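Colleague:
Protein chains: 2
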Amino acid sequence: MSLSPSQQAALGPLFNPQSIAVVGASSNPAKIGGLPVEYLLNQRYPGAIYPVNPKQERIQGLQAYPTLRDIGAPIDMAICAVPASGVMSAVEDAAAAGVRSIVMFSSGFAETGADGVRAQNDLRAFVKESAIRLLGPNCLGFVNNHQGVYATFTPALKIAAPLRGNIGLISQSGAFGIFALMLAQRRGLGISHFVSTGNEADIELADALAWQALDPATSVILCYLEGARDGEKLCAALELARAQRKPVVMCKVGRTAQGAAAAASHTASLAGCDKIYDAVLRQYGVYRAQDIHELFDIGYACSVAPLPVSDALGIVSISGGAGVLMVDEAERVGLSVPLLAEAGQQAILKRVPFASAVNPVDITGQILNEPALLADAVDTMLEHGQYGAMVSFQAVTGISPQHRPLVTELWARVRAAHPPLTIAVVSLFDEQNRKFLEQHRCLTFEEPAAAVRAIAALHAFSRHFARQPVPVALPEPVAIDRARFDEADALRLLADAGIPVVSSRVARSADEAAGEAAALGFPVVLKVLSADIAHKSDVGGVALRLADSQAVRAAFVRITESAARAVPNAHIEGVLVAPMIQDGVECILGVTRDPVFGPVVMFGLGGILVEVLKDVTFRQAPFDVAEAHRMIREIRAWPVLGGVRGQAPVDVDTLAETLATLSRFAAANAGSIESIDINPFIARPKGQASCAVDALVVSRTSRALTDED
Amino acid sequence: MSLSPSQQAALGPLFNPQSIAVVGASSNPAKIGGLPVEYLLNQRYPGAIYPVNPKQERIQGLQAYPTLRDIGAPIDMAICAVPASGVMSAVEDAAAAGVRSIVMFSSGFAETGADGVRAQNDLRAFVKESAIRLLGPNCLGFVNNHQGVYATFTPALKIAAPLRGNIGLISQSGAFGIFALMLAQRRGLGISHFVSTGNEADIELADALAWQALDPATSVILCYLEGARDGEKLCAALELARAQRKPVVMCKVGRTAQGAAAAASHTASLAGCDKIYDAVLRQYGVYRAQDIHELFDIGYACSVAPLPVSDALGIVSISGGAGVLMVDEAERVGLSVPLLAEAGQQAILKRVPFASAVNPVDITGQILNEPALLADAVDTMLEHGQYGAMVSFQAVTGISPQHRPLVTELWARVRAAHPPLTIAVVSLFDEQNRKFLEQHRCLTFEEPAAAVRAIAALHAFSRHFARQPVPVALPEPVAIDRARFDEADALRLLADAGIPVVSSRVARSADEAAGEAAALGFPVVLKVLSADIAHKSDVGGVALRLADSQAVRAAFVRITESAARAVPNAHIEGVLVAPMIQDGVECILGVTRDPVFGPVVMFGLGGILVEVLKDVTFRQAPFDVAEAHRMIREIRAWPVLGGVRGQAPVDVDTLAETLATLSRFAAANAGSIESIDINPFIARPKGQASCAVDALVVSRTSRALTDED
């Protein structure tokens, strides 16, 4: 599950081409085949440009060629700007000419229905065989902004050219991508590399992401995603970005049922389950932005500032109100706002007797009379406090000529003294002040809460990058020697995998059951055992709280007869006898197969929380114990495991180890196991045995099952 | 609880003065006393301006006066720009001169500690007695932007003057308020009236809100609130705004524990409980903005567009991706995106065979070749669908000269044909296109999700304004004839108030208990009855599931003896015998007193949901049954009441009536009752009796109580 350097290198001729041909080139820059030529000329693209058009000798001042083969020179990348009907002959020409990559604007493929899907499959097969990398079809192309490669036909870039910078932008939607590109320009954000992936016949968003992860000009990657075809490739690309310490911010649409339906109808791609995307993106340290403003807020922050080395936020404000707004937001997003040390507080109160000095430090309107107070407060905070980040609310000082030193001198000095500190200044800014601060790697925001959110996002990246990815060693796959599992089989399978399970026994007669019960200790539970009965409770196949041998014998007869009556053809092997566990916290541990991401582990508490509040969390398998701990703490009902109403906290370490073990088992047996449902897993305090009490395992070959409900 | 017109009229001389004096006026426009004079002159304020300064004859070209009394003409409003030490003599001068209102910039009052509080109290007492309305002290003043009244000393307005418009802005924080005012200017938002309320010795945010509610130039009111001293006045002002159909958007800080602490230290005001603020603001139809951008996004929408008449949203997009993003957001914020009627879908597919035609309507990149497609799609949607609002994602057409008709002609025509339709166009815009659309009452947004959120907010206002406020008639207060209530008293009190309670009996002997149990029907529960025992379970004072007379007799002895042993001095009156109810859904109904808003009713489900997830909701008492229904549906666990796992839904009507009855009882007895805790209230399906099973009532005079836990 990794993208090899050679795979990435293969995209070099596409995204950083030394020569570009334009098939369907036009002399008219308003046309789809004219625009890229004009853009390349205007951008002074330094490589060779070869217009291809059999009807013209010169195009926009350049020599034109009838075919790609006629060029007679290496062609790294060909832009294909011909109608769908002309695509196959263009691609054949490209293969014959040794073209290494194609950007295909042409529409009329998978987005148009069954015929288009067939045409696209043919196209894909052809380029694979010819070792040509293909972007598109039905895409708006890409921009390599530092190399002057405008391989796009959108006319929008004539209105305003994207600024140069270190932000990579990748969109599965063309119109949306160009809109975002233009919005970035308006916001003053500099772009290194923009890609619209269109129908993704060959190159997917994940490929572009991996390329940007290794692109020295890109330091943060923003994505617009509707759905990934290849979850493994996406995860590998995200891991590559993590290894390069490049934050990834993603706007993934299809969050809701109606949204997912609309996305599916739009892209005809396998939408997958949004909750799983959400979990996997979290697992891989991606910041999931809820809208485009957030995408850019966080992307901007990553592009400018160093990542905070701790979650401690120092807040200074010349308005008490803004200080409150920021500490509210800090608490909400999980940053700490530690009290300033007493000596620091005293130092501030000495200067401004009516200040709030605890952090947030509010130096009040007194700043208007004595501007130096701000710098003194900041110095005092940095002397007496340890912060990963500082945020300073400075009202309108950023557009006030008389307060310019509060923006420039102050923060340039702080930056010089504290290179790793994340600094955000909140104010209105004129362009000059804004640029000054950003050149000093200080963030500028107009919105106090947005500044705090961005700092929290930076800190999350910082934590994620600090994690050493522990290679998770998978066990040998087990031989799934049967199509159907009864409950005893299922529990044995899990026990063999290292999951703690309840010590149950199989009994084939009433006497055997009574004997096993006595050996286990009363009270016990009896469950009818049959691979043919899916829902034991529904057929009267379960007896709870059996207190003595007599009760066990009677129950054996009752539940086997009842089950046999209800499912006459069932092969009833006997019953499972198990101790009746009545304490502990009921959890649900599950494994399902996601069409995009493969085996996925679910965790939640039993009862109403899962059913009504959907208070569950997911992870792609496999994962390590540390990830399992994070997973457990994600559910809203987490405090229940920590002990409420005087209950002792459960043994979270065992729970986390169990989840990690389950994830390794699921990953190792992804080929043979469809799903696992451990419900309940009883989590108990340390020193008492936590265990799976009931389990349902479904193999991929058959849906034979055993369960209890 | 209403603000009389005369109370409001009393603020006319302040906020819309015919004459203004400036006490402490200066010839130097950089000074606190010079700035207002310069502003008034520059703004060509049409009324009289009287600089007051004993040391100068003329100030900034105007005749100056030694004192206010020397002016010899009516003075509607005096700006007080002198240090705290000079305030009292200035105010005495104002009273003598018949000044009707004062704006006091001077700091050095309650914000500086105990001495300052005393000085401010003296100031308040003096102006009350002199019938002078006072804004401040320690405030940045106000701006009446249509009358040219810049009664402020902030130098920021020299950098950029607020645009004129219909948005009122009120801030308890001066620096924050000016920042917001300047930010509004940057966003192109027009302001009618800006107020900074400072220390609120007399005029509170609620007074300014009420004035703007009646101000014809203001049509939407944005507030920054840290805390209200007078909850009743705030609610009355909000009700006044509702009656005038003026949306109120509020940024209330102190959401979190640390934020509330910071707010309290900042304003020294009683912070109150943020959860209660949240509930009351919702109850009064206020949109609570989480940050300043949201404050302005929603405020902007209210200032431009008509409110949607239904929750049905039509989405048209030239990018499928943006369509998905918008439908995601619509579902999240509770707007419906109804399928387009089949005939409409067919009409669209006839034009664009590969469009998504269901709603969102995605007319695809085909728009680039055939711009008229957008207008056709919009016309088709409006012909075949019924929408309260339409949102159109148009990528970069708003800055594209060739696509200007898609912005202007199209929407001008739609507006003319559909005057009440809420329209939002999402694109990048040049100034001309933006203004054109806004003049046609169409919203412009750069962010698709923000547009949908704004439409949802407008729809919430629309629903709120459509509600006929039902006057809630309060019952007569009950005579609280005792300081302490035992459980039997508490249940009787609630039963008399009209709350359904369990049919319990008091028994003073084991035989009596057995007799009552037989009369009620087994199984029963016994609870020791004593006004001296707060927590019956803790002292072994409760026996559950008693199945026969023998068990009841034994339990009587056991629990009374156990309680007597545990609380030797307790007067034990006997026991309460009640049927053991084992079905239904356990709810918690409570009443507490909020320091700001008075009696408040709480609702939630019993068990872990309240304890761990804090899944409860509040309302200020009293409220009607419709409000109670909204309240019940607000908790996350609401589906439990609707019936899960095959359970019948509970009788929500009875639950809502009970909450409304409880709220009336709480309001009528606010003077005598401190708190009520009905835990549990068992909600059962229609036809079965829902009832309070246990109750705790605490009077205000004493904290005698009875409960069960």
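If you read the sequences in order, they're chains A and B.
In short: position in the first sequence from 1, add 125, done, that's the working numbering.
In short: position in the second sequence from 1, add 125, done, that's the working numbering.
Note that the Cβ used here is the ideal one computed from N, Cα and C, for glycine as well.
Here the structure is a predicted model, which is why all the values come from computation and not from measurement.
#1: Nearest-angstrom Cα distance between Ala-209 (chain A) and Arg-249 (chain A)?
#2: Looking at the structure shown, is Leu-363 (chain B) part of a helix, part of a strand, or coil, going by DSSP?
#3: Do three or more CB pairs link the stretch 402-417 of chain B to the stretch 256-268 of chain A at distances below 8 Å?
#4: Would you say Ile-803 (chain A) lies against chain B (beta-carbon separation less than 8 Å)?
#5: For the beta strand (DSSP E) that contains Gly-137 (chain B), what are its first and last residues?
#6: Excluding sequence positions up to five away, which residues of its chain have a Cβ less than 7 Å from the Cβ of Glu-711 (chain A)?
#7: Along chain C, in chain order, which residues have C-beta atoms closer than 9 Å to that of Thr-381 (chain B)?
#8: What did DSSP end up calling Tyr-175 (chain A) once you bin it into helix, strand or coil?
#9: The alpha helix (DSSP H) with Ala-331 (chain B) in it runs from where to where?
#10: Could you tell me if Glu-329 (chain A) is buried or exposed, where buried requires 16 or more neighbouring beta carbons within 10 angstroms of its beta carbon?
#11: Listing by chain order, which chain B residues have their CB less than 8 Å from the CB of Pro-154 (chain A)?
#12: Any beta carbon of chain B sitting closer than 8 Å to that of Gly-571 (chain A)?
#13: Against chain A, with Cβ distances strictly below 8 Å, would Arg-770 (chain B) count as a contact?
#14: Does Pro-764 (chain B) come within less than 8 Å of chain A when only Cβ atoms are used?
#15: Scan the stretch 372-424 of chain B and note each continuous beta strand (DSSP E) run of 3 residues or more that stays entirely inside, going in chain order.
#16: My understanding is that Tyr-190 (chain B) touches Val-177 (chain B), with C-beta atoms under 8 Å, so please give their C-beta distance in whole angstroms.
#17: Please list, in chain order, the chain A residues whose beta carbon lies closer than 7 Å to that of Arg-311 (chain B).
#18: I'd like the ranges of any beta strand (DSSP E) spanning at least 3 consecutive residues and lying wholly in the stretch 586-643 of chain A.
#19: So, helix, strand or coil for His-528 (chain B), using DSSP?
#20: Under a three-way DSSP split, which group does Ser-296 (chain B) fall into?
#21: Quick one: give me the first and last residue of the beta strand (DSSP E) that Asn-269 (chain B) is part of.
#22: Candidates B:Ile-684, B:Arg-367, B:Gly-709: which alpha carbon is nearest Glu-698 (chain B)'s?
#23: Any Cβ of chain A within less than 8 Å of the Cβ of Gln-745 (chain B)?
#24: If distances are taken between C-alpha atoms only, which option among A:Thr-533, A:Cys-427, A:Tyr-512 comes closest to Ala-466 (chain A)?
#25: Taking DSSP as the reference, what is the three-state secondary structure of Asn-324 (chain A)?
#26: Alpha carbon to alpha carbon, how far is Arg-457 (chain A) from Arg-758 (chain A)? Give it in angstroms, no decimals.
#27: Between Pro-594 (chain B) and chain A, is the shortest Cβ-Cβ distance under 8 Å, so that the two count as touching?
#28: When burial is assigned at 16 or more other CB atoms within 10 Å of the CB, is Glu-351 (chain B) buried or exposed?
#29: Are the C-beta atoms of Gly-729 (chain B) and some chain A residue less than 8 Å apart?
#30: Counting only beta-carbon atoms, is Ser-525 (chain A) nearer than 8 Å to chain B?
#31: Please work out which residues of its chain come closer than 8 Å, Cβ to Cβ, to Ser-824 (chain A), disregarding the five sequence neighbours upstream and downstream, and give them in chain order.
#32: Rounded to whole angstroms, what's the CA-CA distance from Asp-708 (chain B) to Leu-780 (chain B)? Just pull it up for me.
#33: Val-516 (chain B) to Leu-450 (chain B), Cα distance in whole Å?
#34: Would you please verify whether the beta carbon of Ile-328 (chain B) is less than 8 Å from any beta carbon of chain A?
#35: Examine the Cβ distances between the stretch 215-222 of chain A and the stretch 168-175 of chain A and report whether three or more of them are shorter than 8 Å.
#36: Please list, in chain order, all residues of the same chain as Leu-568 (chain A) whose beta carbon is under 6 Å from its beta carbon, the five residues on each side excluded.
Modeller: Straight from the coordinates:
#1: Taking the first residue of the first sequence as position 1, residue 209 (chain A) is located at position 84. Taking the first residue of the first sequence as position 1, residue 249 (chain A) is located at position 124. Between the C-alpha atoms of Ala-209 (chain A) and Arg-249 (chain A) there is a straight-line separation of about 14 Å.
#2: In the second sequence, residue 363 (chain B) corresponds to position 238, counting from 1. Helix.
#3: The stretch 402-417 of chain B is not in contact with the stretch 256-268 of chain A.
#4: The count along the first sequence starts at 1 and reaches residue 803 (chain A) at position 678. No, its Cβ sits nowhere closer than 8 Å to a Cβ of chain B.
#5: As a working note, residue 137 (chain B) is residue 12 in the second sequence. Looking at the DSSP string, Gly-137 (chain B) is not in any beta strand (DSSP E); the run it does join, the alpha helix (DSSP H), is 137-140.
#6: Within the first sequence, numbered from 1, the residue matching residue 711 (chain A) stands at position 586. So the qualifying residues of the chain are Leu-730, Gly-731, Gly-732, Pro-805, Ile-807.
#7: Considering every chain present, this structure includes no chain C. Its protein chains are A and B.
#8: Position 50 of the first sequence, counted from the first residue, corresponds to residue 175 (chain A). The DSSP-derived three-state label of Tyr-175 (chain A) is strand.
#9: Working through the second sequence from its first residue, we reach residue 331 (chain B) at position 206. Counting along the chain, the alpha helix (DSSP H) containing Ala-331 (chain B) begins and ends at 330-339.
#10: Position 204 of the first sequence, counted from the first residue, corresponds to residue 329 (chain A). Counting Cβ neighbours within 10 Å, Glu-329 (chain A) comes out buried, since at least 16 surround it.
#11: Residue 154 (chain A) sits at position 29 when you count from the first residue of the first sequence. By Cβ distance, chain B contributes nothing, its closest Cβ being about 13 Å from Pro-154 (chain A), past 8 Å.
#12: Counted from its first residue, the first sequence places residue 571 (chain A) at position 446. It is worth fixing the name first, because residue 571 (chain A) is Glu in this sequence and not Gly. A Cβ of chain B is located within less than 8 Å of the beta carbon of Glu-571 (chain A).
#13: Here residue 770 (chain B) is taken as the residue at index 645 of the second sequence, counted from 1. Cβ-Cβ to chain A under 8 Å: yes for Arg-770 (chain B).
#14: Looking up residue 764 (chain B) in the second sequence gives position 639. Among the CB atoms of chain A, one or more fall inside 8 Å of the CB of Pro-764 (chain B).
#15: Correct list: 373-377.
#16: Counting from one through the second sequence, the residue named residue 190 (chain B) turns up at place 65. Counting from one through the second sequence, the residue named residue 177 (chain B) turns up at place 52. Their Cβ separation, rounded to whole angstroms, is 5 Å, which keeps Tyr-190 (chain B) and Val-177 (chain B) in contact under 8 Å.
#17: Along the second sequence, read from residue 1 onward, the residue named residue 311 (chain B) stands at position 186. Going along chain A in sequence order, the residues near Arg-311 (chain B) (Cβ under 7 Å) are Leu-553.
#18: Counting only runs of 3+ residues, the beta strand (DSSP E) found wholly inside the stretch 586-643 of chain A occupies 630-632, in chain order.
#19: Locating residue 528 (chain B) in the second sequence gives position 403, where the first residue counts as 1. His-528 (chain B) falls in the helix class under three-state DSSP.
#20: Translated into positions along the second sequence, residue 296 (chain B) becomes position 171. Strand at Ser-296 (chain B).
#21: Looking up residue 269 (chain B) in the second sequence gives position 144. Its beta strand (DSSP E) spans residues 267-269.
#22: Here residue 698 (chain B) refers to the residue found at position 573 when the second sequence is read from its first residue. Per the C-alpha coordinates, the member of B:Ile-684, B:Arg-367, B:Gly-709 positioned closest to Glu-698 (chain B) is B:Ile-684.
#23: For the purposes of this step, residue 745 (chain B) is taken as residue 620 along the second sequence, with counting starting at 1. Under the Cβ distance rule, Gln-745 (chain B) does not count among the residues neighbouring chain A, no pair being separated by less than 8 Å.
#24: Residue 466 (chain A) sits at position 341 when you count from the first residue of the first sequence. The shortest CA-to-CA distance from Ala-466 (chain A) to any of A:Thr-533, A:Cys-427, A:Tyr-512 is the one to A:Tyr-512.
#25: Mapped onto the first sequence, residue 324 (chain A) falls at position 199. Looking at Asn-324 (chain A) - three-state DSSP - the assignment turns out to be coil, as it is neither helix nor strand.
#26: By 1-based counting over the first sequence, the position of residue 758 (chain A) is 633. By 1-based counting over the first sequence, the position of residue 457 (chain A) is 332. So the alpha carbons of these two residues sit roughly 16 Å apart.
#27: Working through the second sequence from its first residue, we reach residue 594 (chain B) at position 469. Closer than 8 Å to the CB of Pro-594 (chain B) there is not a single CB belonging to chain A.
#28: Here residue 351 (chain B) refers to the residue found at position 226 when the second sequence is read from its first residue. Around the CB of Glu-351 (chain B), 16 or more other CB atoms lie within 10 Å, so the residue is classed as buried.
#29: Taking the first residue of the second sequence as 1, we reach residue 729 (chain B) at position 604. With respect to chain A, the C-beta atom of Gly-729 (chain B) has no partner C-beta closer than 8 Å.
#30: Taking the first sequence and counting its residues from 1, the one referred to as residue 525 (chain A) is at position 400. True, the Cβ-Cβ gap to chain B drops below 8 Å.
#31: Residue 824 (chain A) sits at position 699 when you count from the first residue of the first sequence. Apart from sequence neighbours up to five positions away, the residues of its chain that approach Ser-824 (chain A) with a beta-carbon distance below 8 Å are Ile-605, Arg-607, Ala-608, Arg-609, Phe-610, Ser-797, Ile-798, Glu-799, ordered along the chain.
#32: Counted from its first residue, the second sequence places residue 708 (chain B) at position 583. Counted from its first residue, the second sequence places residue 780 (chain B) at position 655. Using only the alpha carbons, I get a separation of about 16 Å.
#33: Taking the first residue of the second sequence as 1, we reach residue 516 (chain B) at position 391. Taking the first residue of the second sequence as 1, we reach residue 450 (chain B) at position 325. The alpha-carbon atoms of Val-516 (chain B) and Leu-450 (chain B) are separated by roughly 12 Å.
#34: As a working mapping, residue 328 (chain B) is identified with position 203 in the second sequence. Interface with chain A (8 Å Cβ-Cβ cutoff): Ile-328 (chain B) is excluded.
#35: Look at the beta carbons and you see the stretch 215-222 of chain A not touching the stretch 168-175 of chain A: under three pairs across the two are nearer than 8 Å.
#36: The residue labelled residue 568 (chain A) in the question sits at position 443 within the first sequence. Ala-426, Val-429, Ala-430, Ala-549.
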